């Protein structure tokens with residue numbers, strides 16, 4: 001007979017924990033939060049110390065009745081929501097609803113959902129931590145005040161449906177600032193000179209480095225020609241050889257932001273998808289005879305700390321799998337990633353390093369496997385020995401010009417045997433070998449190749465880059481990144497172009513108004529300081545009402561000024577030449593989360609919409625009559641199809657080229673990867689590389 005009720009957030013988590021605890025425990029799910037601020041009003045009594053007016057979330061009636069009935073039949077109720085501010089708040093709301101004594105030790109937390117971790121946690125229940133609850137309440141009320149006070153103002157002055165948020169506004173401003181940088185960027189000319197040569201049958205390259213012993217960039221064709229004139233033709237003499245060993249250390253275990261960044265780089269995952277799949281891995285997956293097991297530790301964390309038990313398990317695994325040489329002399333202890341880190345939980349790691357990716361692969365979906373493999377490899381590599389690289393730098397003299405060649409090779413792979421962190425530009429580190437060269441060796445180059453270049457503007461923000469920027473600036477916390485990126489797209493403030501964020505006219509207008517009337521909301525230092533205040537509330541070092549009062553004092557004055565001085569703005573839609581095929585009116589350009597689309601100007605009488613299609617200049621290889629156009633799926637992914645659809649159903653995720661395959665005459669398509677672009681036949685094994693200068 002069960003004598004204890006355990007309440008968690010999700011059915012998946014309940015299922016996993018229920019198998020560990022046995023028949024004396026009933027495990028049920030609250031399905032997330034049970035109470036929240038009302039949607040129809042601000043729901044905060046400001047004059048009464050910012051007292052929140054919580055209401056039961058619509059649709060939770062049957063769940064709450066089930067929990068209430070179950071709680072009356074047991075001796076103990078345990079609240080086992082996630083181990084963070086949000087989870088503590090859920091536990092607190094449940095305690096209120098179930099009439100639990102706040103002084104009871106009813107709160108159970110664990111960083112991983114494994115049998116041992118869960119059983120250990122139930123041996124040490126604690127009271128609900130009101131500092132954590134108050135930190136969550138303060139953030140919720142702060143965001144509610146900003147959103148519910150500014151948004152109606154924007155509806156009145158601009159148009160319905162707009163919103164302003166504390167973190168989202170800063171994110172949009174960063175995107176706009178970067179776009180302004182790009183637009184203001186003036187390219188500067190520079191030149192490189194590459195000498196292609198070989199020694200003892202080993203080809204290598206050297207590049208211009210200095211003239212008359214002085215390192216100087218080549219900013220014009222005249223300067224480039226001056227170097228060529230100072231050279232002794234194609235003849236070079238080795239002037240200096242430097243060889244040394246270089247240690248390379250592994251990356252730290254994942255925290256929430258770095259997991260989102262690396263999943264974007266290596267797997268192409270959006271931040272929301274990464275967190276959704278990680279949640280599944282955390283809550284538990286059925287592993288055949290082993291049963292349901294949580295495969296990773298809690299995925300909302302800003303700490304890289306790892307428990308000694310996990311480190312010891314990793315040490316044993318690495319020794320057995322790779323050898324003792326791959327274990328560092330001392331266990332690696334990664335410092336906090338930044339001064340804002342709360343360090344409440346461990347870094348993200350597998351709950352058991354013994355469950356290697358290939359072992360669990362049969363039980364996981366494709367996305368689950370790929371993300372788990374990434375987390376497992378990152379953790380294992382983080383506990384391994386440093387890699388040792390042999391590097392070689394060679395200076396070659398030709399007249400008054402000095403050229404430099406660099407090479408490296410892996411002497412000892414260390415952690416690199418398992419995993420190497422990705423780059424934002426998608427490239428992977430290359431190890432170029434140099435032949436054995438000695439001072440005085442004379443080498444003739446096979447060619448001297450001058451090349452003109454122009455400096456490039458800073459890149460637009462991808463999801464990975466934006467998450468990293470927000471984290472570095474101290475804006476938001478692990479749980480806020482994914483929903484923030486989703487919100488700014490849903491509101492139409494930014495669009496996605498080639499997986500990069502582009503601000504919309506609406507986004508720029510809103511940020512202009514915010515900058516004029518609510519500059520502190522957009523101020524990075526102010527927003528980061530607010531996050532620090534919330535952290536101090538969590539630590540019990542700051543009163544949450546005082547934090548809100550200090551903010552609201554100046555915010556209220558700003559609201560009064562904005563109400564009086566903000567002018568009404570009418571946003572005119574750009575009219576297209578396209579006529580609506582339902583009512584004949586002109587269609588107008590609208591901005592959605594995946595970019596521009598066409599909508600009937602007769603809305604709401606006519607709700608017809610059309611995608612904006614792009615003709616890529618290729619005839620359909622199937623019907624030989626239609627044109628191939630670029631389209632977007634419902635999820636925003638670009639694909640290619642025939643404009644005669646549904647008469648012709650040709651479709652391709654890869655861009656058709658119009659070029660026939662020399663082996664089977666099918667149309668070649670573009671395949672893009674980190675290594676570049678190649679043309680691939682979809683019907684046979686033919687492929688060809690696209691020269692670098694032709695890649696766009």
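Numbering (UniProt numbering), first residue to last: 1 to 696. Ideal Cβ placement from N, Cα and C applies to all residues, glycine included. Note that the structure is a prediction, hence the values are computed from the model and not measured.
- Query: Does the Cβ of residue 587 lie closer than 8 Å to at least one heavy atom of the ligand SAH?
  - Reply: Among the components modelled here there is no ligand, and therefore nothing to report on the ligand SAH.
- Which parts of the UniProt domain "Toprim" (3–114) are runs of the beta strand (DSSP E), unbroken and 3 residues or longer, counting only runs that do not cross its ends? 4–8, 25–29 and 76–79
- Query: Exposed or buried, residue 326, counting other C-beta atoms within 10 Å across all chains shown (16 or more means buried)?
  - Reply: In the chain shown, the residue the question calls residue 326 occupies position 326. Buried, by the Cβ-count rule.
- Query: Cα-Cα, which of 184, 655 and 296 is closest to residue 356?
  - Reply: Your numbering for residue 356 matches position 356 in the chain shown. It is 296.
- Task: Note down the Cα distance separating residue 342 from residue 302, rounded to an integer number of angstroms.
- Result: For the purposes of this step, residue 342 is identified with residue 342 of the chain shown, where counting begins at 1. For the purposes of this step, residue 302 is identified with residue 302 of the chain shown, where counting begins at 1. Since pLDDT at residue 342 reaches only 47, below the 50 mark, its modelled position is unreliable, and no value is offered.
- Return the CA-CA distance between residue 418 and residue 266, expressed in angstroms with no decimal places. Your numbering for residue 418 matches position 418 in the chain shown. Your numbering for residue 266 matches position 266 in the chain shown. The straight-line gap from Cα to Cα measures roughly 15 Å.
- Query: Three-state secondary structure (DSSP) at residue 275?
  - Reply: In the chain shown, residue 275 corresponds to position 275, counting from 1. Correct three-state label for residue 275: helix.
- Task: Determine the DSSP secondary structure at residue 368, reduced to helix, strand or coil.
- Result: Position 368 of the chain shown, counted from the first residue, corresponds to residue 368. Three-state DSSP puts residue 368 in a helix.
- Query: Would DSSP call residue 475 helix, strand or coil?
  - Reply: Working through the chain shown from its first residue, we reach residue 475 at position 475. Note: residue 475 maps to coil in three-state DSSP.
- Which first and last residues belong to the beta strand (DSSP E) in which residue 404 is found? Counted from its first residue, the chain shown places residue 404 at position 404. From DSSP, the beta strand (DSSP E) with residue 404 extends over 401–412.
- Item | 3 or more residues per run - each beta strand (DSSP E) lying fully within the segment 426–513 | 442–454, 494–497 and 500–503
- Query: Can you check whether the CB of residue 403 is closer than 9 Å to the CB of residue 198?
  - Reply: To locate residue 198, count along the chain shown from 1; it is residue 198. To locate residue 403, count along the chain shown from 1; it is residue 403. Result no, Cβ atoms of residue 198 and residue 403 do not sit closer than 9 Å.
- What's the call for residue 438, buried or exposed, on a 16-neighbour Cβ count within 10 Å? Within the chain shown, the letter at position 438 stands for residue 438. Looking at its Cβ environment, which holds fewer than 16 other Cβ atoms inside 10 Å, residue 438 is exposed.
- Task: Identify which residue in 218, 269, 161 and 122 has its Cα closest to the Cα of residue 462.
- Result: For the purposes of this step, residue 462 is identified with residue 462 of the chain shown, where counting begins at 1. Of the listed residues, the one whose Cα sits closest to residue 462 is 269.
- Query: With 16 as the cutoff for other CB atoms within 10 Å, does residue 84 come out buried or exposed?
  - Reply: Position 84 of the chain shown, counted from the first residue, corresponds to residue 84. Residue 84 comes out buried.
- residue 172: first and last residue of the uninterrupted alpha helix (DSSP H) it sits in: What you label residue 172 is simply residue 172 of the chain shown in a count that begins at 1. Start and end: 166–184.
- Which residues mark the beginning and the end of the beta strand (DSSP E) in which residue 191 is found? By 1-based counting over the chain shown, the position of residue 191 is 191. Start and end: 189–199.
- Task: Report, in whole angstroms, the separation of the C-beta atoms of residue 171 and residue 470, which I expect to be a contact under 8 Å.
- Result: To locate residue 171, count along the chain shown from 1; it is residue 171. To locate residue 470, count along the chain shown from 1; it is residue 470. With a Cβ gap of about 6 Å, residue 171 and residue 470 count as contacting.
- Exposed unless 16 or more other CB atoms sit within 10 angstroms - verdict on residue 187: As a working mapping, residue 187 is identified with position 187 in the chain shown. It is exposed - the Cβ of residue 187 has fewer than 16 other Cβ atoms within 10 Å.
- Rounded to a whole number of angstroms, what is the C-alpha to C-alpha distance between residue 25 and residue 285? Taking the chain shown and counting its residues from 1, the one referred to as residue 25 is at position 25. Taking the chain shown and counting its residues from 1, the one referred to as residue 285 is at position 285. If I take the Cα positions, the gap works out to 21 Å.
- Same chain only: Cβ atoms within 6 Å of residue 527, ignoring 5 sequence neighbours per side: As a position in the chain shown, residue 527 is number 527, starting the count at 1. So the list reads 170 and 475, once near-sequence residues are dropped.
- CB contact flag (residue 510, residue 154, <9 Å): Here the question's residue 510 lines up with position 510 in the chain shown. Here the question's residue 154 lines up with position 154 in the chain shown. Yes, the Cβ-Cβ distance between residue 510 and residue 154 is below 9 Å.
- Item | Own chain partners of residue 520 with C-beta closer than 6 Å, once the 5 adjacent residues on each side are dropped | Indexing the chain shown from 1 puts residue 520 at position 520. Closer than 6 Å at the Cβ level, and outside the excluded window around residue 520, lie 526.
- Go ahead and label residue 294 buried or exposed: buried means 16 or more other beta carbons lie within 10 angstroms of its beta carbon, across all protein chains shown. For the purposes of this step, residue 294 is identified with residue 294 of the chain shown, where counting begins at 1. By the neighbour-count rule (16 or more Cβ atoms within 10 Å), residue 294 is buried.
- Quick one: measure Cβ to Cβ for residue 305 and residue 346, integer angstroms, because I've assumed they're closer than 8 Å. Translated into the one-based positions of the chain shown, residue 305 becomes position 305. Translated into the one-based positions of the chain shown, residue 346 becomes position 346. The Cβ separation is near 6 Å, so the contact holds.
- Message: Within 10 Å of its beta-carbon, does residue 173 have 16 or more other beta-carbons around it, so buried, or fewer, so exposed?
- Response: Taking the first residue of the chain shown as 1, we reach residue 173 at position 173. Its Cβ being crowded by 16 or more others within 10 Å, residue 173 is buried.
- Message: Quick check: what's the CA-CA separation for residue 507 versus residue 163?
- Response: Within the chain shown, numbered from 1, the residue matching residue 507 stands at position 507. Within the chain shown, numbered from 1, the residue matching residue 163 stands at position 163. Rounded to the nearest angstrom, the two C-alpha atoms are 11 Å apart.
- Can you tell me where the alpha helix (DSSP H) with residue 257 in it begins and where it stops? Position 257 of the chain shown, counting from 1, holds the residue named residue 257. Here the alpha helix (DSSP H) through residue 257 covers 256–267.
- N- and C-terminal bounds of the beta strand (DSSP E) containing residue 545: Within the chain shown, the letter at position 545 stands for residue 545. No beta strand (DSSP E) contains residue 545, which is instead part of the alpha helix (DSSP H) from 544–565.
- Query: Buried or exposed: where does residue 134 fall if 16 or more other Cβ atoms within 10 Å of its Cβ makes it buried?
  - Reply: By one-based count along the chain shown, residue 134 stands at place 134. Result: buried.
- Message: Only counting the same chain, and skipping five residues up and downstream in sequence, which positions put a Cβ closer than 6 Å to that of residue 536?
- Response: Walking along the chain shown from the start, residue 536 turns up at place 536. Closer than 6 Å at Cβ, skipping near neighbours: 542.
- Message: Going by the DSSP bridge assignment, what does residue 642 pair with across the sheet?
- Response: Taking the chain shown and counting its residues from 1, one reaches residue 642 at position 642. Residue 642 pairs with 628.
- Nearest-angstrom Cα distance between residue 653 and residue 682? As a working mapping, residue 653 is identified with position 653 in the chain shown. As a working mapping, residue 682 is identified with position 682 in the chain shown. Residue 653 and residue 682: Cα-Cα distance of roughly 11 Å.
- Are at least three pairs of beta-carbons, each pair with one atom in the segment 619–630 and one in the segment 572–585, less than 8 Å apart? no
- Query: Between which two residues does the beta strand (DSSP E) containing residue 577 stretch?
  - Reply: Here the question's residue 577 lines up with position 577 in the chain shown. Segment 574–579, the beta strand (DSSP E) holding residue 577.
- Where do the N-terminal and C-terminal ends of the alpha helix (DSSP H) with residue 147 fall, by residue? Mapped onto the chain shown, residue 147 falls at position 147. Segment 130–157, the alpha helix (DSSP H) holding residue 147.
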